[in-house]
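Asker: One structure coming up, written as structure tokens, with questions to follow.
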Amino acid sequence: MDDLLREFLTESAESLSALDLELVKLEQNPNDLDLLGNIFRLVHTIKGTCGFLGLPRLESVAHAAENVLGKVRDGELNVTPEIVDTILKSVDRIKGLLTTLEETEAEPEGNDNDLIDRLNAMAEGKEAAPSAPIPVAEAAPAAPAPVAQAAPEPQPQPQPHATPTEMADAAEAAAGRESAVAAQNIRVNVDLLENLMTMVSELVLTRNQLLQMLRGQKESEFATPLQRLNLVTSELQEGVMKTRMQPIGNAWAKLPRMVRDLAHELGKKIDLRMQGADTELDRQVLELIKDPLTHLVRNCADHGLERPEERRQAGKNETGRIILNAFHEGGQIVIEITDDGRGLSKEKIKAKAIQNRLASEAELAGMSETQIQQFIFKAGFSTAEKVTNVSGRGVGMDVVRTNIERIGGTIELRSQAGRGTSFFIKIPLTLAIVSALIVEAGGERFAIPQISVVELVRAMNSGHKVEEIKGAPFLRLRNRLLPLVNLRTVLRLGADAAQVSSDDSCIVVIQVGKFIFGILVDRVFDTEEIVVKPVAPLLRHVSMFAGNTILGDGSVIMILDPNGIAAAAGDVTMTHESAAVGEQATTGSQGDKTSLLLFRAGSGTQKAVPLALVARLEDVDAANVEISNGKPVVQYRGKLMPLVPIDPASPLKESGKMPVLVFQEGARSMGLVVDEIVDIVEERMTVQLGGDRPGLMGSAIIAGKATEVIDAGHYLTQAFNDWFAAASERNQVEGTAKRVLLIDDSPFFRNLLTPLLAVAGYDVTSVDGAQKALALCDAGRDFDVIISDIEMPGMSGFEFAETVRRGGRWQGTPIVALSSHTSPKDLDRGRRVGFVDYVAKLDRDALLTTLSQTIDAQGAA
Amino acid sequence: MSKHNDTWAPDDDKGTREFTSMTIAGQLFGIPVLTVQDVIGEQRITRVPLAPPEIAGTLNLRGRIVTAIDMRRRLGLPPRPPEMSGMNVVVEKGGELYSLIVDSVGEVLSLDGELFERNPATLDPVLHDVSMGVCRLDKELMVVLDVARILDIKRDQAA
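Which chain is which? The protein sequence lines are A and B, in order.
By the numbering used here, the letter at position 477 of the first sequence is numbered 477, and the numbering carries on one by one without gaps.
Position in the second sequence (from 1) plus 861 gives the number in the numbering used here.
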């Protein structure tokens, strides 16, 4: 018999007995939503599996039953004894069909229209017509009886051409029989294995204790038997471990077939790749992640990947790809599921979230894309527009997440529209004997899984000195700076963190993923084999611990979770975005985040320029610098580009490379020579103005440092005295310079945008508030276009636009909104109140394009 | 016994119920004897950093790891003087073992439902949260604790 089929039979037999029990419970507690959800899922799973195995009869019965249950779950139907009866009847029918399936490896012929019609009638809310003679009394009491205990009565061979009714009878009679397949395999209760494991662990610990005692004695008559005990224990331990460990490939065995069938059904081309199938993990864990994995792959195939023609249009290979990858990392198993499909649609998720009342529009507006994506993990969420046979009933991602979290794992997702979606599942090795390093900090001992330990470094060694930057310790290790975490500090062990420097203190160098850091501990003892036991539920929220264990001396010790500590160490890649979800979304108050290019030039202070102004960064070789008209220039893209040093006093370098910031306007470029490019940061910037030096707009605190923000306009005019003039001249030729009114309360942006617009040939007037702008209106000034900030004290941009549109001199003047928030909601509102367009602050090109378009449109009108 | 509602679930048809009695800071408490797995003397306890303050730590009970709860802290009572050794009352919940650290453990009392009263309104709010009611014994009052609610420790904000 097909492995797949065998497994399906065993699995279904279990699901069905569970269903029987749950249904009877449901009848007693019709309002128990959890119970209902559970039943729904069980039926859903059966239906799904039947679909993939190509068992239409089973599938159609399960589908009809699921429809009814779905209605009940959505509150459209109430739980009545009739409904429960009929569902139970369907369960019995499924059992009957399964029995035949087991004997003949094929579904019996015939159909179940009687039952399905009844179910459909119910789903439509019609009172179930008692057309089919279904005795109520028969189904109900049969339900809770364990299937296995039913007497194995001699069964009539199912006739190949039975009529539906006969078939149904035979099926129901067979339903009570134990599955022969299930009996062939010994299914050992996991608890039993768990107990066995516990006992072995105890044995291991006792052996360790004995060995420790023996080590103190030179000659002992116990030495030989103990040696033997040692060996046997090790083998036993290994054996028991093996009973629990299985390659993850076992959980994947079904997937190729499933994906193939899905591809057929959906008319898609799918290439499924599986890597790391031999990664072993605990059997229990394996069982628990099987369903979530299947769901995820199914989702990738169904929702993630596009149809061949769509893919072709998007310029992708017609064949979509799903990649499964499993590997061990830092004492955890990581499973990645990646597709190269369409990615998650933010807009669809938003719409769905609103439709299903998971969040309000206002809440969504303030959420990051990652936060929005997290909605797919919420209960009752489904993005598929159609309810297909395959997925999309709102069972799925929430169940996936729940199941993974139940075993202490995490699931993360990364999605890029048009590029695909990746899921990252991390599951801890909840039950395994691992080698661990025992360390001490603040008088307590802890175990660190050896697998994450790269090396040990003695802190007081002359070559390795712990240095501090504002309280944060670092270690110079072979020409690298190793961030350190003081275990006492992260675990708040109370003891004075400053008095670490005992001679024994050691640094345990840890690698988590690509992040390497050191844990500062007071003392390192030894490595020991430990049995990882999950921590009590009361302590599970402490992310620093991966588990606890009992040492050879009988004491309990906590096992540190390198991932948790890395997260505490501030490794950005370790922080889970999802943790922030559900918390109050940081709405609105992001302020004006600006991308800034940090560099050093001239005097020591760090300098910054808004990245939006810089066209490119180039390295110019000093040897290529020529002098033209007494000024340094360089050939750049077939033209001469003037080079301007930040500090006129310091001449250009004689040799070597010089980093240059290239500013560009039209066909002209100018290079600003700096000493070193430091970084690009995105920060909320508050500029304290009052730069009294030319070329300096002001200073601000950026990345924790005092930084001078340079005035790009100043350097532009240095390069071309006529930079502004030329631009406005160009405009002059075409007509009068277009007049622009800029309203922004932030002096920084006014100072930034005014030269920018002037460069582009506009005649710019800027004011710091809507009131002042209205005063200009009253004063009879005219403008071709108004650019207004949205968030301003006093009158907001929205109110300003409304006021202007209501009538008056500027009624016809186009207004462009300028804001750091460009959510669709804002766009809508902006359009309503009369803005012609919406531009993100500091999107230089967009602003200029919008302005010229707006003015052109105005001219044409 | 019906008037005592479902809080009083008698062990037998005579309506009596057995409690393990214990003292914490001079006050007599009781928990249903059937919930008690074990009573052991003072144990070596491993502190668990970052755990809620009520959790004293973990200890090893014949190869099983038991989470110990400092009942004085849990009930908002003053800490036990250092010279006083505690007792561990081991209970189970959801397959996990927990130890309630108390000052001393007394005898098992078989009590009649008539002696039981639901939480009086003026009972200390902390006790109110974790107790099912009060039994009027001859000499003193015994607060009947609800083990499930004792173990329902609010996570601190660090979670």
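Here a beta-carbon is modelled for each residue, glycine too, at the ideal position from N, C-alpha and C.
Since this is a predicted model, take the numbers as computed values, not measurements.
Taking only beta carbons into account, state which residues of the stretch 884-915 of chain B come closer than 7 Å to chain A, listed in chain order.
Answerer: Answer in chain order: R905, T907, R908, V909, P910, L911 and A912.
Asker: Quick one: does I557 (chain A) have its CB under 8 Å from some CB of chain B?
Answerer: Locating residue 557 (chain A) in the first sequence gives position 557, counting from the first residue. With 8 Å as the cut-off, I557 (chain A) counts as an interface residue toward chain B.
Asker: Could you work out which residues of chain A lie near G924 (chain B), taking near to mean beta carbons separated by less than 7 Å?
Answerer: To locate residue 924 (chain B), count along the second sequence from 1; it is residue 63. Chain A residues near G924 (chain B): T198, E202 and I550.
Asker: Sorted by chain position, which residues of the same chain lie with C-beta nearer than 6 Å to E412 (chain A)'s C-beta, five sequence neighbours on each side aside?
Answerer: By 1-based counting over the first sequence, the position of residue 412 (chain A) is 412. Around E412 (chain A): F424.
Asker: Got a sec: is the Cβ-Cβ distance from A536 (chain A) to anything in chain B below 8 Å?
Answerer: Numbered from 1 along the first sequence, position 536 holds the residue referred to as residue 536 (chain A). At least one chain B Cβ lies under 8 Å of A536 (chain A).
Asker: Below 8 Å on the Cβ atoms is my contact criterion, and I expect S422 (chain A) with V512 (chain A) to pass it. Report the Cβ-Cβ distance as a whole number of Å.
Answerer: On the first sequence, residue 422 (chain A) is found 422 positions in, with the first residue counted as 1. On the first sequence, residue 512 (chain A) is found 512 positions in, with the first residue counted as 1. Between V512 (chain A) and S422 (chain A) the Cβ distance is about 19 Å, and since that is not below 8 Å, they are no contact.
Asker: Quick check on this structure: which residue in A:E306, A:F377 and A:V457 has the alpha carbon closest to the alpha carbon of G420 (chain A)?
Answerer: Within the first sequence, residue 420 (chain A) is the residue found at index 420, counting from 1. If we check each option's Cα against that of G420 (chain A), A:E306 comes out closest.
Asker: Report the rounded CA-to-CA distance for F977 (chain B) versus F880 (chain B), giving the unit in angstroms.
Answerer: Locating residue 977 (chain B) in the second sequence gives position 116, counting from the first residue. Locating residue 880 (chain B) in the second sequence gives position 19, counting from the first residue. Whole-angstrom Cα-Cα distance: 12 Å.
Asker: What in chain A is Cβ-close to N949 (chain B), meaning under 7 Å?
Answerer: Here residue 949 (chain B) corresponds to residue number 88 of the second sequence, with the count starting at 1. None at all; the shortest Cβ gap to chain A is about 13 Å.
Asker: Tell whether a beta-carbon distance below 8 Å holds between I459 (chain A) and S505 (chain A).
Answerer: Walking along the first sequence from the start, residue 459 (chain A) turns up at place 459. Walking along the first sequence from the start, residue 505 (chain A) turns up at place 505. The amino acid occupying residue 459 (chain A) in the given sequence is Ala; Ile does not appear at that position. In contact: A459 (chain A) and S505 (chain A) (Cβ atoms closer than 8 Å).
Asker: Please state the DSSP three-state secondary structure of V387 (chain A).
Answerer: One-based indexing of the first sequence puts residue 387 (chain A) at position 387. Because the pLDDT at V387 (chain A) is just 45, under 50, the model does not fix this residue reliably, and the point stays unresolved.
Asker: Residues of the stretch 942-967 of chain B with a CB closer than 9 Å to any CB of chain A: list them in chain order, please.
Answerer: Of all residues in the stretch 942-967 of chain B, K954, G955, E957, L958 and Y959 have a Cβ within less than 9 Å of some Cβ in chain A.
Asker: Closest Cβ-Cβ distance between L1006 (chain B) and chain A: below 8 Å?
Answerer: On the second sequence, residue 1006 (chain B) is found 145 positions in, with the first residue counted as 1. With 8 Å as the cut-off, L1006 (chain B) does not count as an interface residue toward chain A.
Asker: Considering Cα atoms alone, identify which of A:L752, A:A601, A:V439 and A:V490 is closest to A712 (chain A).
Answerer: The count along the first sequence starts at 1 and reaches residue 712 (chain A) at position 712. Closest option to A712 (chain A), Cα to Cα, is A:L752.
Asker: Can you tell me the Cα-Cα spacing of T338 (chain A) and L539 (chain A), whole angstroms?
Answerer: Taking the first sequence and counting its residues from 1, one reaches residue 338 (chain A) at position 338. Taking the first sequence and counting its residues from 1, one reaches residue 539 (chain A) at position 539. T338 (chain A) and L539 (chain A): Cα-Cα distance of roughly 33 Å.
Asker: For the beta strand (DSSP E) containing C996 (chain B), name the first residue and the last one.
Answerer: For the purposes of this step, residue 996 (chain B) is taken as the residue at position 135 of the second sequence. Looking at the DSSP string, the run of the beta strand (DSSP E) that includes C996 (chain B) is S992 to R997.
Asker: Can you tell me which residues form a DSSP beta bridge with I786 (chain A)?
Answerer: Here residue 786 (chain A) refers to the residue found at position 786 when the first sequence is read from its first residue. Looking at the DSSP assignment, I786 (chain A) forms a beta bridge with A:L741 and A:I815.
Asker: Expressed to the nearest angstrom, what Euclidean distance is found between the alpha-carbon atoms of L1006 (chain B) and N299 (chain A)?
Answerer: Reading the second sequence from its first residue, position 145 is the one you call residue 1006 (chain B). Reading the first sequence from its first residue, position 299 is the one you call residue 299 (chain A). Approximately 48 Å between the Cα atoms of the pair.
Asker: So, with DSSP's three-state summary, where would you put A301 (chain A)?
Answerer: Taking the first residue of the first sequence as 1, we reach residue 301 (chain A) at position 301. Looking at A301 (chain A) - three-state DSSP - the assignment turns out to be helix.
Asker: Among the residues of its own chain, which have a CB less than 8 Å from the CB of L613 (chain A), if the five just before and after it don't count?
Answerer: Here residue 613 (chain A) refers to the residue found at position 613 of the first sequence. Result list for L613 (chain A): F663, A712, L752, L756 and R844, in chain order.
Asker: Tell me, to the nearest whole angstrom, how far the beta carbon of S655 (chain A) is from that of A622 (chain A); I am working on the premise that it is less than 8 Å.
Answerer: To locate residue 655 (chain A), count along the first sequence from 1; it is residue 655. To locate residue 622 (chain A), count along the first sequence from 1; it is residue 622. That pair is a contact at about 5 Å.
Asker: When the Cα atoms are used, what is the spatial distance from V900 (chain B) to T49 (chain A)?
Answerer: Reading the second sequence from its first residue, position 39 is the one you call residue 900 (chain B). Reading the first sequence from its first residue, position 49 is the one you call residue 49 (chain A). Between V900 (chain B) and T49 (chain A), the C-alpha separation is close to 50 Å.
Asker: Could you name the residues of the same chain whose beta carbon sits closer than 8 Å to that of T527 (chain A), not counting the 5 residues immediately before and after it, in chain order?
Answerer: The sequence position of residue 527 (chain A) within the first sequence is 527, counting from 1. Around T527 (chain A): S435, A436, L437, I438 and Q450.
Asker: By DSSP, does P659 (chain A) sit in helix, in strand, or in coil?
Answerer: The count along the first sequence starts at 1 and reaches residue 659 (chain A) at position 659. It is a strand residue.
Asker: What is the rounded straight-line gap between the Cα of S699 (chain A) and the Cα of I677 (chain A)?
Answerer: If you number the first sequence from 1, residue 699 (chain A) lands on position 699. If you number the first sequence from 1, residue 677 (chain A) lands on position 677. When rounded, the distance between both Cα atoms is 18 Å.
Asker: Under 7 Å Cβ-Cβ, which residues of chain A neighbour T928 (chain B)?
Answerer: For the purposes of this step, residue 928 (chain B) is taken as the residue at position 67 of the second sequence. Here the neighbours are A536, L538 and L539.
Asker: Taking Cβ-Cβ distances shorter than 8 Å, what residues in chain B pair up with E444 (chain A)?
Answerer: The count along the first sequence starts at 1 and reaches residue 444 (chain A) at position 444. Neighbours of E444 (chain A) on chain B, chain order: T907, R908 and P910.
Asker: Would you grab the beta carbon distance between I39 (chain A) and L23 (chain A) for me? Rounded to a whole angstrom, and I think it's under 8 Å.
Answerer: Indexing the first sequence from 1 puts residue 39 (chain A) at position 39. Indexing the first sequence from 1 puts residue 23 (chain A) at position 23. Confirmed, Cβ separation roughly 6 Å.
Asker: Looking at the unbroken alpha helix (DSSP H) that takes in V91 (chain A), where does it start and where does it end?
Answerer: Here residue 91 (chain A) refers to the residue found at position 91 when the first sequence is read from its first residue. V91 (chain A) -> alpha helix (DSSP H) spans P81 to T104.
Asker: For K89 (chain A), which of A:P108, A:G75, A:D114 and A:E103 has the nearest alpha-carbon?
Answerer: One-based indexing of the first sequence puts residue 89 (chain A) at position 89. With distances taken between Cα atoms, K89 (chain A) lies closest to A:D114.
Asker: For E708 (chain A), which residues in the same chain have their Cβ closer than 6 Å to its Cβ, ignoring the five residues on either side in sequence?
Answerer: Position 708 of the first sequence holds residue 708 (chain A). The residues are T605, K607, L696 and S699.
Asker: Please report the straight-line C-alpha distance between C1014 (chain B) and E369 (chain A), rounded to a whole angstrom.
Answerer: For this step, residue 1014 (chain B) is matched to residue 153 along the second sequence. For this step, residue 369 (chain A) is matched to residue 369 along the first sequence. According to the sequence shown, residue 1014 (chain B) is Ile rather than Cys. In a straight line, the C-alpha of I1014 (chain B) is about 35 Å away from that of E369 (chain A).
Asker: Should the stretch 978-986 of chain B be regarded as contacting the stretch 919-927 of chain B, the criterion being three or more beta carbon pairs within less than 8 Å?
Answerer: No, the stretch 978-986 of chain B is not in contact with the stretch 919-927 of chain B.
Asker: Going straight from the alpha carbon of L229 (chain A) to that of P534 (chain A), what length do you get?
Answerer: Against the first sequence, residue 229 (chain A) aligns to sequence position 229. Against the first sequence, residue 534 (chain A) aligns to sequence position 534. Spanning the two alpha carbons is a distance of roughly 28 Å.
Asker: Please list, in chain order, all residues of the same chain as S15 (chain A) whose beta carbon is under 8 Å from its beta carbon, the five residues on each side excluded.
Answerer: Looking up residue 15 (chain A) in the first sequence gives position 15. Only L42, T45 and I46 meet the Cβ criterion.
Asker: With DSSP collapsed to three states, give me the class of L115 (chain A).
Answerer: To locate residue 115 (chain A), count along the first sequence from 1; it is residue 115. Note: L115 (chain A) maps to helix in three-state DSSP.
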